[in-house]
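Shown next, in structure tokens, is the structure this report addresses.
Residue numbers (my numbering), protein chains in the order written: chain A, 1 to 138; chain B, 1 to 311; chain C, 1 to 393.
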């Protein structure tokens, strides 16, 4: 039976540095396996769309620019994604990976939350296709 | 220091009034920062209590249904007024009390209790269950710590032979510190102060996890801001009183700062050490342990004085 | 606003919004002065329709949906589901995957118990213990982040195994973390069992004798604190527990203090288990192939979540989506013990008694229908919807 069992601990804390991480004034190193934003490499993609089928959050959509020459554009909704990395698992050709560096994804606009991955000319073609369609679809 | 200020200046600007409000905010920051450091975290920045006060003033004040509106609006002001008036009789910041007469120790103590009474009334005023429970607990706690606390402050009064705070302050400044001569009284006084201010572990009246915010649950905006700053003023006044009585009197501002800082460190440490006491445990503890200790101390003083007169 | 009744009794509502509760739930305590004379409970504020949602998603997507039933026992839910599906598909997963799954289960137990220690201390007004135990919980959160990439919702299970491996560097980090946490757990045991003010809040509070525990069907550490020796890891071992047996920790005082002691003892047992698992981690691959269409059948899984016994029922009709999935979480069983035993204690003890069973409201809110013998009902979707609308009017 003691009164004030934590006395030695709290007195010691008075002379120690506080453990609070002073983010955002100090950035701490991220773990290597951190599951951040998805990154897609269109070079190896075969268009099987298993990633789209298996995504639990409907965050991926594969837009076919040219099926024969394997030109695809992936539309990735950063805000819908639940960072589960199932798409990385489902892809047999290692086109997808979750980047451990890009994890500070907060933004005050909607634009950064829809990302198009692919070759530049493909993305331009897709955007042109969207623009020519009715304005409600985007 | 024996600088006397004209009473109206003392009441409004310095050393009471506006200056006291700002110093109250400073002491609240120091208290929160110390508790945070004891818990191994950073704690708020220096302007946090001021920011809280300004934010509360900017919010809408909602008067709930079924209360007496006049009482609802007047109670915070009366509470703050009581605390500020009590500061007139206490040697604030090391200067002599602005107004002083024989028996002002009793008056000062009653003015400090006015805050708890107003909290109790505020809780009883509303129909909210949490406020009613909080008010009951606040008044129960008032009845439990008041007697030992008064007795503990009576010890130095008996030693100094006067009921006037100014005289007691001068007496303790010239003799051995009473914390050495009356240690039990010092202990009861400092723990009693924590009970008066409803600091943990005696924060059953405003237990956040049980009754939301106790008697002040329905207050928002300006009323809550005034209640909170009244509590801070009471913290400063209470600390100065205990420091003046037990830590060798308050003679100049630096002296004041150092001694109240030491007391604040002690209070913050005691705050972090214990779990919250239930209200029945609080009452039991005070009426058994607290009262007996205070009486023992008083007895020791009387016996000591009697023996001193014999030799 | 009605006027107060003339008698001294009145009803204090705790919830749905209250600082004592981390999630919404409604409790009404009828109070006489400060003593509680009656208690009722109402749940259902966090019902999200997850069981219905699983019927629209394929077997792989469901892993991630079910993980998010609860944030604290998320991996337990995910493991229960995945093991059920593997049972239906009649697949055995490689031993290394089995042990890694169990490793995560035990790490989750640590984080859950440390979280609970802090929250229960906070309910009792002991903020210092809250801050210190959550500071130490960061150690295990950092370990989990280094292993899987996320602090909660580790998403480490996949149908047929696990997705992420444990390498030497991570294994060393785990061992260092376990050493540190073991030393701190000894300290917390000392605080919880010897600090006078804390004992004043926990000793002889919330008493539940062994007979009452059996009668009220309590489960998990709440029941083990009253002496009821039930632990699914021992009674019906799953995952890697047949190879790494667990010793049941029982309490003898049947009160709130005993629940603290049982959970901290479980922490010590977990540290031992994790070290043993790391020492004997089998080599091999991490996944086996599970078909996309699961054969028809039913499967039931019982797991020991940090709060008690978790029960899953899966039914498949041969397609790539489940037909029916039913979850019964442990917190639902333990409410009866709180409501029946709250009478006679102070109102000030209520938050600690509520926190003592480690409630997880998000886990709770599944539909429960109590069937009387000889009475059976089949509801169509429209009927169910109409019932829900009427209930909340």
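Backbone N, C-alpha and C fix where the C-beta goes; we use that ideal spot for every residue, glycine too.
Classify residue 287/C as helix, strand or coil using the three-state DSSP reduction.
The answer is strand: DSSP assigns residue 287/C an E or B state.
Which residues does DSSP pair with residue 2/A in a beta bridge?
Per DSSP, 195/C.
Counting beta carbon pairs with one atom in the segment 148-155 of chain C and one in the segment 32-39 of chain A, are three or more of them shorter than 8 Å?
Here the segment 32-39 of chain A makes contact with the segment 148-155 of chain C; the two share three or more CB pairs at distances below 8 Å.
On the CB-based measure, 16 or more other CB atoms within 10 Å of its CB, does residue 2/C come out buried or exposed?
Because the pLDDT at residue 2/C is just 36, under 50, the model does not fix this residue reliably, and the value given afterwards should be weighed accordingly. When all chains shown are included, residue 2/C counts as exposed.
Please name the residues in the segment 71-98 of chain A whose beta-carbon is closer than 9 Å to at least one beta-carbon of chain C, in chain order.
For the segment 71-98 of chain A, the beta-carbon criterion of a distance under 9 Å to any beta-carbon of chain C is satisfied by 82, 83, 84, 85, 86, 88, 89, 90, 98.
Along chain C, which residues have their Cβ under 7 Å away from the Cβ of residue 56/A?
Those within 7 Å of residue 56/A in chain C are 57, 61, 64, 65.
Give me the chain A residues within the contact set of residue 124/C, using Cβ-Cβ distance strictly less than 7 Å, ordered along the chain.
Simply none; closest approach about 14 Å.
Alpha carbon to alpha carbon, how far is residue 230/B from residue 83/B? Give it in angstroms, no decimals.
C-alpha separation (whole angstroms): 6 Å.
Mind pulling the chain B residues with CB within less than 9 Å of residue 351/C?
Simply 207, 209, 210.
Cβ of residue 96/B less than 8 Å from any chain C Cβ?
Cβ-Cβ to chain C under 8 Å: no for residue 96/B.
Comparing the C-beta of residue 131/C with each C-beta of chain B, is any distance below 8 Å?
With 8 Å as the cut-off, residue 131/C counts as an interface residue toward chain B.
At a CB-CB cut-off below 9 Å, which residues of chain C make contact with residue 39/B?
Correct list: 127, 128, 130, 131, 132, 135.
Along the segment 16-46 of chain A, where does the CB come closer than 7 Å to a CB of chain C? Name the residues.
Against chain C - using a Cβ distance shorter than 7 Å - the residues of the segment 16-46 of chain A are 19, 31, 33, 34, 35.
What's the C-alpha gap between residue 86/C and residue 161/C?
Their backbone Cα atoms lie some 9 Å apart in a straight line.
Option in 54/C, 340/C, 97/C with minimal Cα separation from residue 282/C
Residue 282/C has its Cα closest to that of 97/C, out of 54/C, 340/C, 97/C.
Start-to-end residues for the alpha helix (DSSP H) that takes in residue 101/C:
It spans 95-123 - the alpha helix (DSSP H) in which residue 101/C sits, taken as one unbroken run.
Residues within the segment 179-200 of chain B neighbouring chain A, beta-carbon criterion of under 9 Å:
Against chain A - using a Cβ distance shorter than 9 Å - the segment 179-200 of chain B contributes no residues.
Which partner residues of residue 26/C appear in the DSSP bridge assignment?
Answer is 42/C.
Against residue 8/A, what residues of chain B qualify as contacts under a CB-to-CB distance less than 7 Å, listed in chain order?
Under the 7 Å cutoff, chain B gives no residues; its nearest Cβ is about 11 Å from residue 8/A.
State the DSSP-derived secondary structure class of residue 156/C, mapped to helix, strand or coil.
In this structure, residue 156/C counts as coil in the three-state DSSP scheme.
Check whether the segment 270-278 of chain B and the segment 197-205 of chain B touch, using three or more Cβ-Cβ pairs below 8 Å as the test.
Cβ pair count under 8 Å is three or more, so yes.
Grab the span of the alpha helix (DSSP H) containing residue 315/C for me, first residue to last.
Taken as a continuous stretch (DSSP letters only), residue 315/C belongs to no alpha helix (DSSP H), being part of the beta strand (DSSP E) at 308-316.
Could you tell me the distance, in whole angstroms, from the CA atom of residue 167/B to the CA atom of residue 214/B?
Computed Cα separation, rounded: 39 Å.
Within the 8 Å Cβ cut-off, does residue 337/B reach chain A?
Since the first residue shown for chain B is 1 and the last is 311, residue 337/B is missing from the structure and cannot be characterised.
Identify the contact partners of residue 309/B in chain C, using a Cβ-Cβ distance below 8 Å as the criterion.
The contacting residues do not exist; residue 309/B stays about 41 Å from chain C at best.
Please return the same chain residues whose Cβ sits closer than 8 Å to the Cβ of residue 353/C, not counting the five positions on each side in sequence.
Take residue 353/C, set aside five residues on each side of it, and the residues of its chain with a beta-carbon closer than 8 Å to its own are 205, 206, 256, 338, 341, 342, 345, in chain order.
Counting only beta-carbon atoms, is residue 1/A nearer than 8 Å to chain C?
By this cut-off, residue 1/A is an interface position.
Separation of residue 39/B from residue 24/C, as counted between CA atoms:
Cα to Cα, residue 24/C sits roughly 29 Å from residue 39/B.
For residue 73/A, the first and last residue of its enclosing beta strand (DSSP E):
Residue 73/A -> beta strand (DSSP E) spans 71-77.
In whole angstroms, give me the CA-to-CA distance for residue 97/A and residue 118/A.
If I take the Cα positions, the gap works out to 14 Å.
By how many angstroms is the C-alpha of residue 179/C removed from the C-alpha of residue 63/C?
Their backbone Cα atoms lie some 32 Å apart in a straight line.
In chain A, which residues lie with their C-beta within 9 Å of the C-beta of residue 227/B?
Among the residues of chain A, none has a CB under 9 Å from the CB of residue 227/B; the nearest is roughly 29 Å distant.
Residue 90/C: which of 189/C, 214/C, 288/C sits nearest, CA to CA?
Comparing Cα positions, the closest option is 288/C.
Would you kindly work out how many angstroms separate the C-alpha atoms of residue 60/A and residue 52/A, rounded to a whole number?
Looking at the two C-alpha atoms, the distance is approximately 5 Å.
So what does DSSP say about residue 37/B, is it helix, strand or coil?
Helix at residue 37/B.
Would residue 237/B pass as a contact of residue 190/B if the rule is Cβ separation under 8 Å?
Taking the C-beta atoms as reference points, residue 190/B is found no nearer than 8 Å to residue 237/B.
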